[in-house]
Structure formats: structure tokens, C-alpha cells
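Asker:
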Amino acid sequence: MPPVNALLRSFFDALIPRICAGCNTKLELTEKVVCDSCLSGAEYAGDDYILQQYNINFSGSAVDSFTTLFIFRAESIVQKISHSFKYSGMFRNAVYAGELLGDKLLSKEITNETDFILPVPLHPLKKHERGYNQTDYICRGISRVTGLELHTNVVRRIKNTRTQAKLNRNERMENVRDAFIVKKPFMVKGKTILLVDDVKTTGSTLAEAAKVLKDAGCKKIIAATFAIAAGDTI
Numbered sequence: 097m098p099p100v101n102a103l104l105r106s107f108f109d110a111l112i113p114r115i116c117a118g119c120n121t122k123l124e125l126t127e128k129v130v131c132d133s134c135l136s137g138a139e140y141a142g143d144d145y146i147l148q149q150y151n152i153n154f155s156g157s158a159v160d161s162f163t164t165l166f167i168f169r170a171e172s173i174v175q176k177i178s179h180s181f182k183y184s185g186m187f188r189n190a191v192y193a194g195e196l197l198g199d200k201l202l203s204k205e206i207t208n209e210t211d212f213i214l215p216v217p218l219h220p221l222k223k224h225e226r227g228y229n230q231t232d233y234i235c236r237g238i239s240r241v242t243g244l245e246l247h248t249n250v251v252r253r254i255k256n257t258r259t260q261a262k263l264n265r266n267e268r269m270e271n272v273r274d275a276f277i278v279k280k281p282f283m284v285k286g287k288t289i290l291l292v293d294d295v296k297t298t299g300s301t302l303a304e305a306a307k308v309l310k311d312a313g314c315k316k317i318i319a320a321t322f323a324i325a326a327g328d329t330i
């Protein structure tokens with residue numbers, strides 16, 4: 097951190113201490129959103145597990161590859177981070193989540209073949225109720241780390257779907273069927289796109305969004321999420 101920024105952070109921390117989203121302790125100057133201790137307790141998704149989940153949820157779909165960062169379990173630090181930006185209005189925490197995911201994308205060289213980032217959109221009514229789309233902010237974090245362009249108005253959600261959390265797999269697939277349209281097909285034709293959502297459960301939302309992108313001429317879809325749900329934990 098540059099000296100001036102460090103001084104400013106120290107000054108503002110003295111006025112309004114930053115608190116860890118996991119354990120509510122005061123954060124150190126070098127820590128963001130969660131303390132190092134809580135972050136070290138986050139459960140990372142390994143490559144074999146991610147491949148297994150791709151084969152279960154995306155094989156035969158328009159999603160060409162999938163990656164994620166953490167496994168989302170009830171009462172975990174990953175759940176606390178996710179719920180903070182999804183339900184508690186802490187959208188800046190979503191930027192932090194995106195930065196962590198962006199670091200992984202860089203380390204795996206996934207960004208080398210990517211043309212730009214697209215967040216899975218919310219329906220306008222749901223976005224109005226929440227005040228923002230948390231996935232937009234995750235994508236801002238990814239863009240900040242990777243340098244990839246971010247576009248938020250290429251795909252539109254035209255179906256105000258029910259909340260997916262309490263639906264089974266078949267209900268989720270039906271819930272998001274025909275939920276998206278591509279507003280600007282010329283932008284996706286022949287492109288490799290990083291399609292981002294916050295948490296993957298069955299993958300039905302990502303698969304449906306990927307389908308309309310492929311129908312519009314997109315060459316390749318790389319799906320990425322901050323976390324992947326382990327069982328019924330959303």
C-alpha cells in the first residue's frame with residue numbers, strides 16, 4: 097500500500113474502525129473485509145472437485161468451462177462474505193470477492209483467452225429492490241485485478257424469476273428458462289466471454305445465460321463464480 101494511502105487508511109480506521117465480516121474483530125491496515133485468520137479458514141475448491149461439478153452441472157450445456165474459488169457451507173466465512181454483499185447491502189465486499197476470484201483467474205491463465213467479462217444480470221425489479229446487482233461488483237473486482245473490460249448491459253434478464261434458494265434442481269431449470277435475452281449480439285459474436293455469478297448451486301442460471309449468448313454467436317463461455325454451494329446451504 098502506498099504511504100499516503102496507508103496514512104489515510106490509518107486515519108479513517110481511527111475514526112471508524114473496519115470490522116472483519118467473519119469474527120467482528122478490528123481489521124489490520126493490510127486486511128480487507130475479513131481478517132487473515134478468517135480467510136485462512138475458507139474452504140478452497142480444488143481442481144478435481146471443480147471438474148466433477150462441471151461434469152455434473154454443465155456437461156452438454158453452452159458452458160465450455162467452469163471455475164470457482166471457494167466452497168460455500170452454512171455458517172462458514174464464505175457464507176458470511178456472500179450474505180454480507182447479497183443481503184446486507186455491503187456491495188464493496190463483493191468487489192473484494194471479485195479481487196480474490198480475479199487473482200485465481202490470473203494464476204490459472206484463464207484471462208489470457210478472454211475478451212471481456214459479463215455479469216449474470218438481475219431482473220430490473222429485483223435490482224431496484226436490492227439497489228444493485230452484487231455480481232456487477234464482483235466483476236468490478238475481477239476487472240480491477242485482471243485488466244479485463246467489463247460490460248453490464250449486453251445481456252438482459254426479462255423474466256422476474258422466483259428466488260432459486262428454495263427450489264430443487266428441476267424447478268430451478270424451469271424457473272430460469274427463457275429468462276435472458278442478448279441486447280447487443282454484435283458485441284458477443286465470435287468472442288470468448290467470462291460469464292460471472294456470485295454462487296453456483298445447480299448451475300441452471302449460468303447455463304441458461306450461456307445458452308442465449310451462444311445462440312447470439314459467442315464463441316466460448318467460461319463461467320466463474322465466487323463460490324460453489326455444498327448441499328442445501330444457500
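Numbering of the sequence shown is given in my numbering, commencing with residue 97 and proceeding in unit increments. Virtual Cβ for every residue (Gly too), placed ideally from N, Cα, C.
On a CA-only basis, which of 323, 306, 321, 322 is nearest residue 315? Give me that one, please.
Answerer: In the sequence shown, counting from the first residue as 1, residue 315 sits at position 219. Among 323, 306, 321, 322, the Cα nearest to that of residue 315 is on 306.
Asker: Name the two residues that bound the continuous alpha helix (DSSP H) containing residue 147.
Answerer: The residue labelled residue 147 in the question sits at position 51 within the sequence shown. From DSSP, the alpha helix (DSSP H) with residue 147 extends over 143-153.
Asker: Would you check whether the ligand ADP has a heavy atom nearer than 7 angstroms to the C-beta of residue 183?
Answerer: Only the bare structure without any ligand can be found here, which leaves the ligand ADP out of the picture.
Asker: Let me make sure I understand the geometry here. Which of 139, 118, 136 has the alpha-carbon closest to that of residue 129?
Answerer: Here residue 129 refers to the residue found at position 33 when the sequence shown is read from its first residue. Ranking the options by Cα distance to residue 129, first place goes to 118.
Asker: Does the Cβ of residue 103 have 16 or more other Cβ atoms within 10 Å, making it buried, or fewer, making it exposed?
Answerer: Locating residue 103 in the sequence shown gives position 7, where the first residue counts as 1. Here residue 103 scores only 47 on pLDDT, less than 50, and its place in the model is too uncertain to base an answer on.
Asker: Could you pull the start and end residues of the alpha helix (DSSP H) that residue 68 belongs to?
Answerer: No information on residue 68 is available, as it lies outside the stretch 97 to 330 that the chain covers here.
Asker: Reducing DSSP to helix, strand and coil, say where residue 267 ends up.
Answerer: Residue 267 sits at position 171 when you count from the first residue of the sequence shown. Residue 267: helix per DSSP, three-state reduction.
Asker: Using beta-carbon positions only, say whether residue 216 and residue 301 come within less than 8 angstroms of one another.
Answerer: In the sequence shown, counting from the first residue as 1, residue 216 sits at position 120. In the sequence shown, counting from the first residue as 1, residue 301 sits at position 205. Going by C-beta atoms, residue 216 is nearer than 8 angstroms to residue 301.
Asker: Run through DSSP, which three-state label would residue 140 get?
Answerer: As a position in the sequence shown, residue 140 is number 44, starting the count at 1. Correct three-state label for residue 140: strand.
Asker: So does the stretch 245-254 actually touch the stretch 203-219, counting three or more Cβ pairs closer than 8 angstroms?
Answerer: Touching, yes, given that three or more Cβ pairs across the two stretches are closer than 8 angstroms.
Asker: How about residue 295 and residue 257: are their beta carbons less than 8 angstroms apart?
Answerer: Against the sequence shown, residue 295 aligns to sequence position 199. Against the sequence shown, residue 257 aligns to sequence position 161. Taking 8 angstroms as the Cβ cut-off, residue 295 and residue 257 do not qualify as a contacting pair.
Asker: Hey, is the stretch 233-240 in contact with the stretch 195-206, meaning 3+ C-beta pairs nearer than 8 angstroms?
Answerer: In short, these stretches touch, since the Cβ pair count reaches three.
Asker: Return the residue from the list 187, 161, 263, 204 that minimises the CA-CA distance to residue 291.
Answerer: Mapped onto the sequence shown, residue 291 falls at position 195. Of the listed residues, the one whose Cα sits closest to residue 291 is 161.
Asker: Could you say if the stretch 141-151 and the stretch 264-281 meet the contact criterion of at least three C-beta pairs nearer than 8 angstroms?
Answerer: Short answer: they don't touch.
Asker: Which residues bound the beta strand (DSSP E) around residue 280?
Answerer: As a position in the sequence shown, residue 280 is number 184, starting the count at 1. No beta strand (DSSP E) contains residue 280, which DSSP labels as neither H nor E.
Asker: Alpha helix (DSSP H) containing residue 238: first to last residue?
Answerer: On the sequence shown, position 142 is the one that residue 238 refers to. 230-242 is the extent of the alpha helix (DSSP H) around residue 238.
Asker: If you run the structure through DSSP and keep just helix, strand and coil, what is residue 206?
Answerer: The sequence position of residue 206 within the sequence shown is 110, counting from 1. Note: residue 206 maps to helix in three-state DSSP.
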